[in-house]
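Sequential numbering from 0 applies to the sequence shown in numbering that gives the first Met the number 0. Note that CB positions come from ideal geometry on N, CA and C, so glycine has one too.
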Amino acid sequence: MAKTLAGWLDGSVQPLARGHFERDLASLRVGGGHECRRRNRASAGPVSEHATGQALDIFAFKLGSDGNASQVVVEKPEGLAQNRFLDAIRQSACGAFMTTLGPGSDAAHANHLHVDIQERRSRASRFCQ
């Protein structure tokens, strides 16, 4: 997960932040990465990728490290530029990770971007919503 995340941040998110806002990505606001539970907190069913440390939930992107730092919140983007930035990030995540879910995909992912590297039968099989 760490290698995939680092490659995505350096190869996609950082250039997108510079292109959309002329600022560097400074940090991420994330949820718990490793949590032993079933998918979508259900009482039965498959184990979540969070239980194996193969998933991450991103709630916001902090841009800039100077006194003018700003934050792009996944759940509530402010304006067209932030919406376009988040759309581009989501599309790039679909190419880097095996699963990408976020606002609009389902209620469980309405306020964050979920990415994981779940093993699938085929590396070409990705789930992106």
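- Message: For Cys127 and Asp65, what's the separation of their Cα atoms in angstroms?
- Response: Their backbone Cα atoms lie some 34 angstroms apart in a straight line.
- Item | Rounded straight-line distance, which links the Cα of Ala95 to that of Ser47 | Distance between Ser47 and Ala95, taken at the CA atoms: about 19 angstroms.
- Task: Keeping to the same chain, check which residues put their C-beta closer than 7 angstroms to that of Asp115; ignore five residues upstream and five downstream.
- Result: Cβ within range, chain order: Glu48, Gln53, Ala54, Phe96, Met97, Thr98.
- Give the DSSP bridge partners of Leu55, in chain order. In DSSP, Leu55 forms a bridge with Val114.
- Message: Would Gln13 and Leu24 be called neighbours here (beta carbons separated by less than 8 angstroms)?
- Response: yes
- Message: Given this structure, state the Cα-to-Cα distance separating Leu85 from Gln117, to the nearest angstrom.
- Response: Straight-line measurement puts the Cα of Gln117 at about 22 angstroms from the Cα of Leu85.
- Message: Between the alpha carbons of Ala80 and Ala109, how many angstroms are there, rounded?
- Response: 20 angstroms
- Under the three-state reduction of DSSP, which class applies to Ser47: helix, strand or coil? coil
- Item | Status (buried if at least 16 other CB within 10 Å, exposed otherwise) for Gly6 | Exposed: under 16 other Cβ atoms inside 10 Å.
- Distance, Arg83 Cα to Arg125 Cα: 22 angstroms
- Bridge partners - Cys127, DSSP secondary structure assignment: Thr99
- Item | Under the three-state DSSP convention, the category Ala107 falls into | helix
- Status (buried if at least 16 other CB within 10 Å, exposed otherwise) for Ala16: buried
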